[in-house]
Each structure stands twice: as structure tokens, then as C-alpha cells.
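**Student:**
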Amino acid sequence: PAFNQQEYRQRTARLRQQMAAHGMDALLVMNENNMNYLTGYDGYSEYVPQLALVCQDEEDPWLILREIDTLCATPTSYLPQSRILSYPEKYIGSSQRTAWQPIGDLIRERTKSNRIGVELTAKTFGVKDHAALGNSLDSSKFIDADGMISKLKRVKSPAEIAYMEQAGKIVDRAMQVGRLEIAAGARECDVAAAVVSALVKGTPEIPGGVCAFPTMPVGSPANAPHLNWSDASYKMGCQTNFEIGAFRRRYACALSRTVFLGEPTAR
Numbered sequence: 513p514a515f516n517q518q519e520y521r522q523r524t525a526r527l528r529q530q531m532a533a534h535g536m537d538a539l540l541v542m543n544e545n546n547m548n549y550l551t552g553y554d555g556y557s558e559y560v561p562q563l564a565l566v567c568q569d570e571e572d573p574w575l576i577l578r579e580i581d582t583l584c585a586t587p588t589s590y591l592p593q594s595r596i597l598s599y600p601e602k603y604i605g606s607s608q609r610t611a612w613q614p615i616g617d618l619i620r621e622r623t624k625s626n627r628i629g630v631e632l633t634a635k636t637f638g639v640k641d642h643a644a645l646g647n648s649l650d651s652s653k654f655i656d657a658d659g660m661i662s663k664l665k666r667v668k669s670p671a672e673i674a675y676m677e678q679a680g681k682i683v684d685r686a687m688q689v690g691r692l693e694i695a696a697g698a699r700e701c702d703v704a705a706a707v708v709s710a711l712v713k714g715t716p717e718i719p720g721g722v723c724a725f726p727t728m729p730v731g732s733p734a735n736a737p738h739l740n741w742s743d744a745s746y747k748m749g750c751q752t753n754f755e756i757g758a759f760r761r762r763y764a765c766a767l768s769r770t771v772f773l774g775e776p777t778a779r
């Protein structure tokens, strides 16, 4: 895990205080970034039903995952094996079954309360998922828990700040690599590849993490935000607007810079 057990438990204790203030006996954490924040789980499996279950009367959360993803939880989470639960693979990709049924059963084995909070706008928790989980738990109404964990994240621990500072060093280096790669005739994709490589490599002292692809509109569409590179090659007079981010253990530092190839205009 990225942090020690004490730090994870402090986060869950603060969360349980917020749950009590909102009248929740249990909370279903469905955003994987928040699951990671509470447990260390780092499986990148958000495309299937999964969650962390936080009960008001328990110190540690439960992880409920697809069966195969428990293999990702064991090395990345601080939780003991006994608190990592799963549902069978037969529920994946089936139009006849829903994974929310066994997930609901696992939840009900650990809490009988209907005062359950849910991150209602989680990426993979759509209308059908909401209905299926409600049927499984025999509960048609959940308490909206959107943003609850995000509020806790506003205050960073020294260990979190250290990861962000490391990400800052990586992103500085990656931006310099991208700038130096730009030249007349260079392909935009090669510049992008150099940036991505630098974000993943990190520095000699700090390994890079899984990164988001850079946005880097070049030339006439440079004022259009959030475009990626194109099939074109660089020509003199091209402007590139870089927007990149480096990650250390899911902690990010973003950086934006404009690079002009040649003599820039007065503007």
C-alpha cells in the first residue's frame, strides 16, 4: 500500500464521523479513486461493479470485487484477506444476471440497516445498476453520499504532500522533454510519445506512475482545448499548448505550457 495502516484508519474514522452526521449506518463507496483512498486498492477495475463497504460500527472497510480482481487487492490494499470479498465471474458480461445481486447479499450479511449512503454518480453506477442494487437490498431509497470523501481529501497529510511533490518533479521533467522534442519535421505523435515516456519513467530517483494521455493541440486548432496530437508533422510557426499531468501513487501534479516553434508573433 501507498500508506501505512494508521493513515488509512484515520481516513475511515473521519469518514465515519461524516456518516454519523448524515444519518448513515453504512456507506457504499463506488468511485475507485475513493476506494483507493480508504483501502489502498489499486486494480483499475472500475468498469465492473465493485465497492468498498464502510460500516459505522467497524474500524476497517470491506472490499467487494469481481472474483479475479481480489488478486489485485491482496498486494495493494492494507486489508486482511478476510475483508476482501468477491462475487463469481459468471456475473460478468451476462444479460441474464446482475452482479448487484451477490453484492447486495454480501452487504446484507454485514448490515441490516436501510440507512445506507451511496455515491450515486459513480462512473459505472447507472440507472439499471441503481435499480438492481435497490432490488437486491430490498431498499428503493439511498442517502446521497456524493462528494463526502472528496471533502475529506481537501486536507492532505505530510505523506500525501510528499507524493504530490514527487509528481511535480516528474511533470517538470516531462514538459522539458516535450519542449526539446519539438522541431520542424518532427511528428506530433513522436513528441507525445516522448512526453508519455517521461511521465512513466519519472526521474532517476522517483519512478513514474500510470499517466493520463497529454492534451497538446498544435497549429491552427491550438486554441481548441483538450485536443490530442494529430497525424501531422511540425512546421515553423506552430504553437503547441501542452497540458500534462504526472502521477505518484494516484497523486497528481498538472502543468500547462505553450511552446512556439520559431519566432513568436507579438500576440
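Position one of the sequence shown corresponds to residue 513 (the numbering used here), numbered consecutively onward. All C-beta atoms in this analysis are idealised placements derived from N, C-alpha and C, irrespective of residue type, glycine included.
Taking residue 560 as part of the alpha helix (DSSP H), name the residues at either end of that continuous run.
**Tutor:** It is not in any alpha helix (DSSP H) - residue 560 carries neither H nor E in the DSSP assignment.
**Student:** If we ignore side chains and look at the alpha-carbon of each, how far apart do residue 465 and residue 538 end up?
**Tutor:** With the chain running from 513 to 779 in the structure shown, residue 465 is simply not present.
**Student:** I'd like the ranges of any alpha helix (DSSP H) spanning at least 4 consecutive residues and lying wholly in the region 636–668.
**Tutor:** Listed in chain order, the complete alpha helix (DSSP H) runs (minimum 4 residues) inside the region 636–668 are 639–649 and 660–665.
**Student:** Compute the Euclidean distance between the alpha carbons of residue 725 and residue 762, then round it to the nearest angstrom.
**Tutor:** Between residue 725 and residue 762, the C-alpha separation is close to 15 angstroms.
**Student:** Using a Cβ distance threshold of 8 angstroms, determine whether the region 627–645 contacts the region 540–547, with at least three qualifying pairs required.
**Tutor:** At 8 angstroms Cβ cutoff, the stretches touch.
**Student:** Taking the alpha helix (DSSP H) that residue 689 falls in, what are its first and last residues?
**Tutor:** From DSSP, the alpha helix (DSSP H) with residue 689 extends over 670–693.
**Student:** Pick out whichever of 754, 739 and 667 has its Cα sitting closest to the Cα of residue 706.
**Tutor:** Checked all of 754, 739 and 667; the closest Cα to residue 706 is 754.
**Student:** Using the Cβ count rule (16 or more neighbours within 10 Å means buried), how would you classify residue 711?
**Tutor:** Residue 711 is buried by the Cβ-count criterion.
**Student:** Applying the 10 Å Cβ sphere with the 16-neighbour rule, what's the burial state of residue 779?
**Tutor:** Label assigned to residue 779: exposed.
**Student:** Residue range of the beta strand (DSSP E) that residue 753 falls in?
**Tutor:** Run containing residue 753: 751–760, per the beta strand (DSSP E) assignment.
**Student:** State the DSSP-derived secondary structure class of residue 723, mapped to helix, strand or coil.
**Tutor:** Correct three-state label for residue 723: coil.
**Student:** When you compare the CB positions of residue 612 and residue 573, do they come within less than 7 angstroms of one another, or not?
**Tutor:** In this structure, residue 573 does not lie closer than 7 angstroms to residue 612 by Cβ.
**Student:** Pick from 672, 667, 609 and 670: whose alpha carbon is nearest that of residue 640?
**Tutor:** Here the closest residue by C-alpha is 609.
**Student:** Under 8 angstroms, with one C-beta from each stretch per pair, do the region 652–661 and the region 521–536 reach the 3-pair mark?
**Tutor:** Yes, the region 652–661 touches the region 521–536.
**Student:** Less than 8 angstroms between the CB atoms is what I'm expecting for residue 583 and residue 597, so what's the real figure, rounded?
**Tutor:** With a Cβ gap of about 14 angstroms, residue 583 and residue 597 do not count as contacting.
**Student:** Pair every Cβ in the region 666–684 with every Cβ in the region 543–563, then say whether three or more of these pairs are closer than 8 angstroms.
**Tutor:** They do not touch, by the three-pair rule.
**Student:** Tell me the DSSP secondary structure of residue 538 in three-state form.
**Tutor:** Here residue 538 sits in strand by DSSP.
**Student:** To the nearest angstrom, report how far apart residue 765 and residue 771 are at their CA atoms.
**Tutor:** Distance between the alpha carbons of residue 765 and residue 771: 19 angstroms.
**Student:** Could you say which of 769, 681, 750 and 670 lies nearest to residue 696 if we only look at CA atoms?
**Tutor:** Comparing Cα-Cα distances from residue 696 to each of 769, 681, 750 and 670, the minimum goes to 750.
**Student:** Looking at residue 713: is its Cβ nearer than 7 angstroms to the Cβ of residue 721?
**Tutor:** No.
**Student:** Would you tell me roughly how many angstroms separate the C-alpha atoms of residue 623 and residue 634, rounded to the nearest one?
**Tutor:** Roughly 22 angstroms separates the two Cα atoms.
**Student:** Write down the C-beta distance between residue 615 and residue 563 rounded to the nearest angstrom, noting that I regard them as a contact closer than 8 angstroms.
**Tutor:** Right, their Cβ atoms sit about 7 angstroms apart.
**Student:** Let's see if you can read the secondary structure: which residues bound the beta strand (DSSP E) around residue 730?
**Tutor:** That residue, residue 730, is in no beta strand (DSSP E); it is neither H nor E in DSSP.
**Student:** Identify the continuous alpha helix (DSSP H) that holds residue 616 and give its terminal residues.
**Tutor:** Residue 616 -> alpha helix (DSSP H) spans 612–620.
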